[in-house]
DNA sequence: TGGATATTTATGGGCGTCAATGGGTCATAT
DNA sequence: ATATGACCCATTGACGCCCATAAATATCCA
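Residue numbers (the working numbering), protein chains in the order written: chain L, 1 to 157; chain U, 158 to 314.
Pasting the structure below:
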């Protein structure tokens, strides 16, 4: 599976529908479920979204935590609040009212790639939150320790 | 995959298109995705560019950090701002407006090889930024500690 | 070695296709 | 009835594909 990168802003219509960017949708070709899993972020005022296969990874990771522990209990909120939203014929999803409310979404919706997941923002909120993050990266000169390349001649299935 | 070296200046047309130098494009032969990932540098007034396989290394490296952690959040800005720009039939890419703005690009665009990545500059800005850097390296006689060749040999200190 | 010719690369513009958007209809569930 | 969701269609505007030309490089031959 590929990666979600970059961002794109699309319109939310009266019916609560919004087109998922073509680039993002393209990564769902091999997915069983043609649609996204969406849940509120508990860090920022945005929604998190991913494919079914990644949601299964989350569930598996939760199982690694001690059964009935506080951590497992708290983090399970992700699964509890996640909605399964199928694409319509045109590649749109319907965002439920409570999701629109928690993310403060109005007429415009910004899709932001985060690798294996992507986020759904009110454009102005994104600029307010992430603009400073870019500045922090600049001033603190954050560096990322890169993994060694997996293999020299990267051949894929 | 080979390495990006040297530099070349090409024209940006009215549509925002610019040819990627043939030398650079040649390194994309074994890539799944025929195009580049471009994102603003947070060190200099230029754009960074790389192939898909390198961007996947970045994403994988981010995944080594805990999900939803602060570090992961800050460093994700690279992935969030990276746009996927495919080559057209002639080997050109379209540079989005905001990228042209952040790098101050006008009619001419300078491609600068940086090994696994390359940069995209306004030619004048490059001369202003990098000229002094070259002078500094010369006067301070900078040295680089080389990694040992991967072929196994003696390991004496 | 020089000059003519062929090949490749860069550049510019027209045009068809497709993604995004908005609205309508029908079935189902409340 | 009213709301919700799945599908269909029409519009528009951006993007990708195509071709035509120019510039640069390589190739060939006298």
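Cβ coordinates follow ideal geometry from the N, Cα and C atoms, glycine included.
To which residues of the same chain is residue i closer than 7 Å at the C-beta, ignoring the five residues directly before and after it?
{"i": "residue 45/L", "result": "103, 104 and 125"}
{"i": "residue 54/L", "result": "116 and 117"}
{"i": "residue 239/U", "result": "194, 195, 196 and 212"}
{"i": "residue 128/L", "result": "none"}
{"i": "residue 123/L", "result": "9, 108 and 110"}
{"i": "residue 215/U", "result": "235 and 236"}
Give the range of the alpha helix (DSSP H) segment to which residue i is assigned.
{"i": "residue 292/U", "result": "280 to 297"}
{"i": "residue 81/L", "result": "77 to 81"}
{"i": "residue 99/L", "result": "97 to 103"}
Give me, in chain order, the residues of the same chain whose beta-carbon lies closer than 8 Å to that of residue i; leave out the 5 immediate sequence neighbours on both sides.
{"i": "residue 249/U", "result": "174, 175, 176 and 177"}
{"i": "residue 71/L", "result": "65"}
What span of residues does the beta strand (DSSP E) with residue i cover, start to end?
{"i": "residue 185/U", "result": "Element bounds for residue 185/U: n/a, residue is neither H nor E."}
{"i": "residue 204/U", "result": "204 to 207"}
{"i": "residue 263/U", "result": "Residue 263/U -> no beta strand (DSSP E), and no H or E assigned at all."}
{"i": "residue 39/L", "result": "35 to 40"}
{"i": "residue 168/U", "result": "164 to 168"}
{"i": "residue 93/L", "result": "92 to 94"}
{"i": "residue 69/L", "result": "From DSSP, residue 69/L is part of no beta strand (DSSP E); its letter is neither H nor E."}
{"i": "residue 175/U", "result": "174 to 176"}
Can you list the residues of chain U that residue i reaches, using a CB-CB cut of under 8 Å?
{"i": "residue 144/L", "result": "215, 218, 219, 232 and 235"}
{"i": "residue 130/L", "result": "234 and 237"}
If we define contact as Cβ-Cβ less than 7 Å, is residue i a contact residue for chain U?
{"i": "residue 134/L", "result": "yes"}
{"i": "residue 114/L", "result": "yes"}
{"i": "residue 5/L", "result": "yes"}
{"i": "residue 137/L", "result": "yes"}
{"i": "residue 147/L", "result": "yes"}
{"i": "residue 121/L", "result": "no"}
Are the C-beta of residue i and some C-beta of chain L separated by less than 7 Å?
{"i": "residue 241/U", "result": "yes"}
{"i": "residue 199/U", "result": "yes"}
{"i": "residue 313/U", "result": "Reliability of the predicted coordinates at residue 313/U is poor, the pLDDT of 42 falling under 50, and no value is obtained from them."}
Mind pulling the chain L residues with CB within less than 7 Å of residue i?
{"i": "residue 194/U", "result": "5"}
Given residue i, which residues of its chain have a CB within under 6 Å of its CB, disregarding the five upstream and five downstream residues?
{"i": "residue 165/U", "result": "178 and 268"}
{"i": "residue 64/L", "result": "none"}
Find the residues of chain U that neighbour residue i, judging by a C-beta separation of less than 9 Å, and give them in chain order.
{"i": "residue 10/L", "result": "By Cβ distance, chain U contributes nothing, its closest Cβ being about 15 Å from residue 10/L, past 9 Å."}
Under 8 Å, with one C-beta from each stretch per pair, do the segment 225 to 237 of chain U and the segment 132 to 147 of chain L reach the 3-pair mark? Touching, yes, given that three or more Cβ pairs across the two stretches are closer than 8 Å.
When you compare the segment 197 to 213 of chain U with the segment 272 to 286 of chain U, are there three or more beta-carbon pairs, one atom per stretch, that lie closer than 8 Å? yes
Taking contact to mean 3 or more Cβ pairs, one atom from each stretch, closer than 8 Å, check whether the segment 1 to 11 of chain L and the segment 25 to 41 of chain L are in contact. yes
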